[in-house]
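>
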Amino acid sequence: MGLPALEFSDCYLDSPQFRERLKSHELELDKTNKFIKELIKDGKALIQALKNLSMAKRKFAESLNEFKFQCIGDAETDDEICIAKSLQEFAGVLQNLEDERTRMIENASDVLIMPLERFRKEQISAAKEAKKKYDKETEKYCAVLEKHLSLSAKKKEAHLHEADNQVDHVRQHFYEVSLEYVFKVQEVQERKMFEFVEPLLAFLQGLFTYYHHGYELAKDFSHFKTNLTISIQNTRNRFESTRSEVECLMRKMKENPHEHSNISPHTMEGYLFVQEKRSFVSTWVKYYCTYHREPKRVTMVLFDQKSGGKTGDEESFTLKSCIRRKTDSIEKRFCFDVEGVDRPGVITMQALSEEDRRLWMEAMDGREPVYNLNKDSQNEAMAHLDVTGFNVVKKFIYAVDTRGIEEQGLYRIVGVNSRVQKLLGLAMDPKTCADVELDNTEWEIKTITSAIKFYLRMLPGPLMTYQYQRSFIKAAKLDNPEARVAEIHSLVHRLPEKNRQMLELLMKHLANVANHHQQNLMTVANLGVVFGPTLLRPQEETVAAIMDIKFQNIVVELLIENHEKIFRESPVSGGGGPANTNDHAVRRRSAESKVPSCSERPLTLFHTPSNTHEKAEKRASVVLNSEAHSSPPPSSNCNSATHPGSNTSSPSATPAPVWTRLHSLPTGEPDADGVLLMRQSRPNSLFNPKSRASVPTSIPRKARALYACKAEHDSELSFIAGTIFDNVHSSREPGWLEGTLDGRTGLIPENYVEFL
Numbered sequence: 001m002g003l004p005a006l007e008f009s010d011c012y013l014d015s016p017q018f019r020e021r022l023k024s025h026e027l028e029l030d031k032t033n034k035f036i037k038e039l040i041k042d043g044k045a046l047i048q049a050l051k052n053l054s055m056a057k058r059k060f061a062e063s064l065n066e067f068k069f070q071c072i073g074d075a076e077t078d079d080e081i082c083i084a085k086s087l088q089e090f091a092g093v094l095q096n097l098e099d100e101r102t103r104m105i106e107n108a109s110d111v112l113i114m115p116l117e118r119f120r121k122e123q124i125s126a127a128k129e130a131k132k133k134y135d136k137e138t139e140k141y142c143a144v145l146e147k148h149l150s151l152s153a154k155k156k157e158a159h160l161h162e163a164d165n166q167v168d169h170v171r172q173h174f175y176e177v178s179l180e181y182v183f184k185v186q187e188v189q190e191r192k193m194f195e196f197v198e199p200l201l202a203f204l205q206g207l208f209t210y211y212h213h214g215y216e217l218a219k220d221f222s223h224f225k226t227n228l229t230i231s232i233q234n235t236r237n238r239f240e241s242t243r244s245e246v247e248c249l250m251r252k253m254k255e256n257p258h259e260h261s262n263i264s265p266h267t268m269e270g271y272l273f274v275q276e277k278r279s280f281v282s283t284w285v286k287y288y289c290t291y292h293r294e295p296k297r298v299t300m301v302l303f304d305q306k307s308g309g310k311t312g313d314e315e316s317f318t319l320k321s322c323i324r325r326k327t328d329s330i331e332k333r334f335c336f337d338v339e340g341v342d343r344p345g346v347i348t349m350q351a352l353s354e355e356d357r358r359l360w361m362e363a364m365d366g367r368e369p370v371y372n373l374n375k376d377s378q379n380e381a382m383a384h385l386d387v388t389g390f391n392v393v394k395k396f397i398y399a400v401d402t403r404g405i406e407e408q409g410l411y412r413i414v415g416v417n418s419r420v421q422k423l424l425g426l427a428m429d430p431k432t433c434a435d436v437e438l439d440n441t442e443w444e445i446k447t448i449t450s451a452i453k454f455y456l457r458m459l460p461g462p463l464m465t466y467q468y469q470r471s472f473i474k475a476a477k478l479d480n481p482e483a484r485v486a487e488i489h490s491l492v493h494r495l496p497e498k499n500r501q502m503l504e505l506l507m508k509h510l511a512n513v514a515n516h517h518q519q520n521l522m523t524v525a526n527l528g529v530v531f532g533p534t535l536l537r538p539q540e541e542t543v544a545a546i547m548d549i550k551f552q553n554i555v556v557e558l559l560i561e562n563h564e565k566i567f568r569e570s571p572v573s574g575g576g577g578p579a580n581t582n583d584h585a586v587r588r589r590s591a592e593s594k595v596p597s598c599s600e601r602p603l604t605l606f607h608t609p610s611n612t613h614e615k616a617e618k619r620a621s622v623v624l625n626s627e628a629h630s631s632p633p634p635s636s637n638c639n640s641a642t643h644p645g646s647n648t649s650s651p652s653a654t655p656a657p658v659w660t661r662l663h664s665l666p667t668g669e670p671d672a673d674g675v676l677l678m679r680q681s682r683p684n685s686l687f688n689p690k691s692r693a694s695v696p697t698s699i700p701r702k703a704r705a706l707y708a709c710k711a712e713h714d715s716e717l718s719f720i721a722g723t724i725f726d727n728v729h730s731s732r733e734p735g736w737l738e739g740t741l742d743g744r745t746g747l748i749p750e751n752y753v754e755f756l
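Using UniProt numbering, you'd call the opening residue of the sequence shown number 1 and step up by one each time.
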């Protein structure tokens with residue numbers, strides 16, 4: 001029930017019922033007054049809490065803005081750049097939001113607190129003052145009335161008349177005060193309906209404005225949020241693959257640390273204890289020593305591993321001699337003496353172990369240190385980019401395109417290893433390849449896709465070659481996305497012909513896989529994670545190389561996304577020079593004059609007479625061009641090509657199956673598929689001493705190996721990076737030098753060495 005109305009006429013009666021109704025209004029005003037006081041108090045507390053919250057969020061935003069991500073490596077991927085700047089984006093959003101909150105807080109006092117306090121002071125306080133006046137007049141009127149009524153009737157008429165006038169005057173004043181009080185009470189009751197609620201509405205409107213501003217910010221932020229989510233997912237995927245690679249390398253280091261020791265640009269380096277004699281007392285001090293082979297320079301730095309900082313200046317001298325210390329001549333183990341040209345006296349050093357001392361002794365004696373060679377140079381190649389390889393890959397790709405293009409996790413889910421090797425063995429064997437029916441449910445799609453990846457991993461070198469591996473990585477690190485594509489475009493056209501054609505075949509297929517990503521869940525980024533480490537595997541297995549896997553993935557992503565432009569168009573000049581892929585005459589001329597490189601071994605390793613070489617080039621281009629445009633791969637004649645220079649008419653002269661010969665072929669024996677793998681014999685003049693004597697010679701010089709090389713013929717020399725050759729001079733073979741190593745004379749690739 002609501003409050004009863006107060007009639008002005010009741011002011012004259014001043015009945016108990018009127019007083020009761022007036023009392024209910026007074027109680028309501030007291031209640032309203034207390035409520036407004038509490039509301040003002042809570043409102044001030046809320047505003048202070050909002051200020052504190054705003055300060056805390058601003059501090060949080062400042063912390064986000066100040067933090068900078070530091071990624072491993074010398075460059076960052078687009079995803080890492082997006083993630084790195086995300087904290088600044090977050091900080092900007094929070095700061096913007098808090099600016100709006102500050103405006104709301106500043107307005108809250110004006111629109112909420114001040115109106116409520118004004119209403120309480122001006123209206124409710126006025127009603128209270130009116131009540132005090134009303135109570136005072138009531139008391140006065142009642143006292144005058146009682147006194148007037150107690151007058152005796154015997155008083156004089158004039159005195160009574162004066163008393164009546166006085167009572168009438170007091171009564172009239174009482175009625176006026178009563179009317180004013182009733183009017184004020186009802187006025188305050190009516191005013192509170194809008195003057196009390198309106199400030200609350202204004203405050204809520206400020207809140208709504210703040211939240212709407214947040215909504216608008218969220219809408220503006222949604223695009224960056226989507227990109228960031230994708231970048232985080234891509235980075236997570238790359239992390240998983242990188243982590244497994246690093247963990248694998250760590251396990252290898254634990255199992256055999258010597259074989260996986262870090263290849264240093266210095267000849268030898270590590271900790272040695274040096275004997276120092278002072279005042280008839282000798283002490284052993286720990287130094288970090290570095291020895292450069294060529295200038296024979298030894299550098300020692302006093303270093304305390306426990307404190308993690310230098311404790312002395314660097315000292316260096318030129319090595320004169322190094323002599324092993326006999327066991328019975330000193331109490332310490334693993335000792336050796338070194339003598340410097342520019343340092344007086346003999347320095348006694350203690351290695352950390354017998355093996356460590358052996359390595360130091362070998363290095364300082366001028367012999368080569370033992371480095372861990374890349375697996376690819378240690379093991380025989382298990383697959384080749386020949387006609388058989390192309391046909392098998394095409395056959396596998398056709399099966400994937402027709403049978404399993406929509407299968408979830410395509411290429412990410414691996415097949416059973418034994419089944420994969422069985423399939424690849426049957427497909428690579430010309431005797432059984434025709435019997436391999438990939439439409440048969442015997443061969444799962446994951447087995448076929450794993451076979452493709454296994455074939456690419458078992459090539460002598462990565463499909464995109466060791467020579468250009470670093471160049472592709474550098475291209476992926478460029479800031480400009482268009483420059484990345486242009487540089488990769490140029491590098492692809494510098495690849496050997498067969499590598500480029502196989503890469504084109506693969507990228508076209510992967511683009512088709514990515515086009516069905518809604519079904520198979522294999523986006524371009526996912527395919528990059530799968531194929532990056534396979535197509536661009538590094539020559540040295542190091543943590544730094546593993547950290548570059550993310551850029552390998554980016555290269556593959558760009559190749560997939562731009563495969564039509566990269567493989568169908570020649571690169572523009574300035575991005576590595578134009579490449580005319582159709583001009584075979586130019587290729588023939590350049591092939592005869594160019595020096596051999598790592599990436600081309602063993603594809604075009606030896607120089608051959610021009611007639612034979614041109615015929616082989618022509619046949620290779622015909623075969624490859626016909627394959628590149630074929631539809632389903634052939635199910636038979638998997639190894640139908642013949643060697644261009646062979647006369648194999650009898651059955652006994654038929655080459656052995658490629659896959660079965662992988663471990664039985666001696667190095668340098670011609671492959672069965674000579675059209676695409678022109679590994680022909682070196683001209684007889686190279687092996688004839690009389691002919692070699694006629695080779696024009698220059699002044700013999702010393703040279704140093706820049707890269708490791710494994711000989712593929714008895715006339716070549718095997719060596720590792722850093723090897724020093726004597727008596728190096730030009731040879732009859734273009735692109736090759738002749739030199740002496742450990743008393744043996746042989747051929748050295750010209751672009752593998754630098755003269756001293």
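Where is the CB? At the ideal position from N, CA and C, for every residue including glycine.
All values derive from a computational prediction rather than experimental measurement.
1. Of the residues Met114, Glu564, Val753, Leu737, which one's Cα is nearest the Cα of Gly722?
2. Heavy atom of the ligand GTP less than 7 Å from the Cβ of Gly270, yes or no?
3. If we count the other Cβ atoms within 10 Å of its Cβ and call it buried at 16 or more, is Lys184 buried or exposed?
4. Taking 7 Å as the limit between beta carbons, can you name the residues of its chain near Leu741, skipping five residues before and five after?
5. Since Phe239 is in the alpha helix (DSSP H), which residue starts that stretch and which ends it?
6. For His223, count neighbouring Cβ atoms within 10 angstroms of its own Cβ and tell me buried if that reaches 16, exposed if not.
7. So, for Asp110: in the same chain, excluding its five sequence neighbours on each side, which residues have a beta-carbon less than 8 Å away from its beta-carbon?
8. Going straight from the alpha carbon of Ala383 to that of Gly404, what length do you get?
9. Do you know how far the Cα of Phe755 is from the Cα of Ile748?
10. To the nearest angstrom, report how far apart Asp14 and Glu190 are at their CA atoms.
11. Run through the DSSP bridge pairs and tell me what residue 759 is partnered with.
12. Buried or exposed for Pro538, please, with buried defined as at least 16 other CB atoms from any protein chain shown within 10 angstroms of its CB.
13. Give the secondary structure of Glu7 by DSSP, where H, G and I count as helix, E and B as strand, and everything else as coil.
14. Assuming Arg419 and Thr449 form a contact by the criterion Cβ under 8 Å, report the distance between their Cβ atoms to the nearest whole angstrom.
15. May I have a chain-ordered list of the beta strand (DSSP E) segments no shorter than 3 residues that lie completely inside the UniProt domain "PH" (265-369)?
16. Kindly provide the ranges of any alpha helix (DSSP H) runs that are 4 or more residues long and lie completely inside the region 16-79, ordered along the chain.
17. Short of 8 Å in beta carbon distance, which residues of its chain neighbour Asp356, apart from the five on each side in sequence? Order them along the chain.
18. Sort out for me which residues DSSP pairs Ile724 with in a bridge.
19. Kindly confirm or deny that the region 500-510 and the region 556-568 touch, where touching means at least three C-beta pairs closer than 8 Å.
20. Would DSSP call Arg500 helix, strand or coil?
21. Counting beta carbon pairs with one atom in the region 396-412 and one in the region 461-477, are three or more of them shorter than 8 Å?
22. Mark Met193 as exposed unless 16 or more other C-beta atoms lie within 10 angstroms of its C-beta, in which case mark it buried.
23. Tell me the residue span of the alpha helix (DSSP H) that contains Glu437.
24. Under a Cβ-count criterion, where at least 16 other Cβ atoms within 10 Å of its own Cβ denotes burial, should Val341 be classed as buried or exposed?
25. Identify every residue that forms a DSSP beta bridge with Phe719.
26. Is the Cβ-Cβ distance between Asn499 and Leu385 less than 8 Å?
27. Going by alpha carbons, who is nearest to Met464 out of Val492, Asn480, Glu139?
28. When DSSP labels each residue in this structure, what does Leu13 get in the three-state scheme?
29. Roughly how many angstroms separate the alpha carbons of Ile566 and Lys252, rounded to a whole number?
30. Specify, as a first and last residue, the run of the alpha helix (DSSP H) that Ala383 falls within.
31. As a quick exercise: from Leu53, His489, Arg494, pick the residue whose alpha carbon is nearest that of Tyr466.
32. Measure the CB-CB distance between Ile83 and Ser231 and report whether it falls below 8 Å.
33. State the CB to CB distance for the pair Cys11 and Val182, rounded to an integer number of angstroms; the pair is presumed to be in contact (CB under 8 Å).
34. On a CA-only basis, which of Leu94, Pro295, Val338, Glu89 is nearest Asn227? Give me that one, please.
35. What residue does the alpha helix (DSSP H) around residue 765 start on, and which one ends it?
36. Using the Cα positions of Thr290 and Glu738, report the straight-line distance between them to the nearest angstrom.
So, from the data block:
1. Ranking the options by Cα distance to Gly722, first place goes to Val753.
2. Within the structure as shown, the ligand GTP is missing, as the structure has no ligands at all.
3. buried
4. Excluding the 5 residues flanking it on each side, Leu741 has same chain C-beta neighbours closer than 7 Å at Leu717, Phe719, Thr723, Phe725, in chain order.
5. From DSSP, the alpha helix (DSSP H) with Phe239 extends over 197-255.
6. exposed
7. Within the same chain, and ignoring the five residues on either side of Asp110 in sequence, no residue has its Cβ closer than 8 Å to its Cβ.
8. If I take the Cα positions, the gap works out to 25 Å.
9. So the two alpha carbons sit approximately 12 Å from each other.
10. 23 Å
11. Within the shown structure, residues of the chain are numbered from 1 to 756, placing residue 759 beyond reach of any answer.
12. buried
13. coil
14. So it is not a contact: roughly 12 Å between Cβ atoms.
15. 268-278, 281-292, 297-304, 309-324, 335-340, 346-350
16. 16-66
17. The answer, listed in chain order, is Gly270, Phe334.
18. Looking at the DSSP assignment, Ile724 forms a beta bridge with Arg704.
19. Output reads yes: the region 556-568 touches the region 500-510.
20. helix
21. no
22. exposed
23. Where Glu437 is concerned, there is no enclosing alpha helix (DSSP H), given that its DSSP letter is neither H nor E.
24. Exposed, because fewer than 16 other Cβ atoms sit within 10 Å of the Cβ of Val341.
25. Cys709
26. yes
27. Of the candidates Val492, Asn480, Glu139, the one whose C-alpha sits nearest the C-alpha of Met464 is Val492.
28. helix
29. 38 Å
30. Following the DSSP letters along the chain, one finds Ala383 in no alpha helix (DSSP H), marked with neither H nor E.
31. Arg494
32. The answer is yes: Cβ separation under 8 Å.
33. 6 Å
34. Glu89
35. Residue 765 lies beyond the stretch modelled for the chain, which goes from 1 to 756, so this question has no answer here.
36. 32 Å
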